[in-house]
Each structure stands twice: as C-alpha cells, then as structure tokens.
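See structure below.
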Amino acid sequence: MLTAKGKYGLKALVYLAALKPGSTARGNEIAKANNISKKFLDAILLELRNAGLVKSKRGPGGGYMVARSPQKIKVGFVIRTLDGPLAPIACASRTAYRPCRDCKSVARCEVRRTMAQVRDATANILDRLSIADMIKKG
C-alpha cells in the first residue's frame, strides 16, 4: 500500500515537473499547494534529493527543481525510494525478501505465489509510468 510519504513525494514531483524548465519552487509553496505539512515535506524532499530525483538551490530564486527529465523519473523508483519494496508481503519481495515465520514451504506457499503475482503486476505498471505520464493523465 502506498504510504502518505510516497503519495506526498509523488505529488511534490508532479508539482515540480509541471514548472517551466529551470524554474524552482520553495518547499512552503509545494506544501501549501498540495496540503502537506511543511516539516514532513522537507524530510521527503531530502530523501528525493539524496536519491538524485530533485535538486535544491539556495538563495534568491532558490528552491527545488526536478534533477532529471520527468520522462525519466519512473513512479516505481520513487515509491521504492520513499516506501521500500512494492511487494505486499516480505516473502514476495525481490529486494527485501524475508520468509514468514509460519510458512512450512516457501516453494509451495499459495499466499506467497499470489502476492508475487501482485508484486509483478504492480511493478509492471509503476516501472513503466513516469512523472510526465502522471501529468499528462491529469
């Protein structure tokens, strides 16, 4: 499930991607436009900056901007960056696999197989969609 952090991160990226190329927006502007707590947004923007998705600029005319083309920022990458693996349960994750304590056979577990299909379908959609696609569909 998408957390508030992931949702707000996507909203912030969509907001920044919709700006004229080279333009910046201040954190309080992004927070107000998307009804997000400024303090929470600051933490999200820091994670997005550390992941190379946004850049920040200090001083007059400063603020945040996307660090690369919105077509190259995939929704799946953003969600993994902010929320972690896409799998609904840990035993179905490719990047953070952990077996369930109650599982007798990982290979034969019907729940794990089903949740792996959910993970694959979700990843298939989110890894194809970009921030630019989100703007186009709006």
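Residue numbers (this note's numbering): 452 to 589.
Beta carbons are placed, not taken as given, at the ideal position from N, Cα and C, and that holds for glycine.
Since the model is a prediction, treat every value here as computed from it, not as a measurement.
Euclidean distance between Cα positions of residue i and residue j
{"i": "L453", "j": "V529", "result": "11 Å"}
{"i": "C542", "j": "I576", "result": "21 Å"}
{"i": "A514", "j": "D534", "result": "Just to set this straight, residue 514 is Gly in the shown sequence, not Ala. If you take the alpha carbons of G514 and D534, they lie about 24 Å apart."}
{"i": "A455", "j": "L537", "result": "15 Å"}
{"i": "I524", "j": "T573", "result": "17 Å"}
{"i": "A476", "j": "L580", "result": "24 Å"}
{"i": "K483", "j": "Y459", "result": "12 Å"}
{"i": "I540", "j": "D571", "result": "13 Å"}
{"i": "N501", "j": "V569", "result": "29 Å"}
Coil, strand or helix - residue i by DSSP
{"i": "Y515", "result": "strand"}
{"i": "V557", "result": "coil"}
{"i": "K613", "result": "For residue 613 there is no data in the structure shown, the boundaries of the chain being 452 and 589."}
{"i": "A502", "result": "coil"}
{"i": "A455", "result": "helix"}
{"i": "A476", "result": "strand"}
{"i": "K525", "result": "strand"}
{"i": "K587", "result": "helix"}
{"i": "K508", "result": "strand"}
Option in the options with minimal Cα separation from residue i
{"i": "S474", "options": "L492, R559, P511, T546", "result": "P511"}
{"i": "R509", "options": "Y466, G478, Q568, K587", "result": "G478"}
{"i": "R564", "options": "T532, S520, R545", "result": "R545"}
Any non-hydrogen atom of the ligand ZN closer than 7 Å to residue i Cβ
{"i": "K587", "result": "This structure simply doesn't include the ligand ZN, nor any ligand for that matter."}
Cβ contact check for the stretch 546 to 566 and the stretch 486 to 500: 3 or more pairs under 8 Å: no
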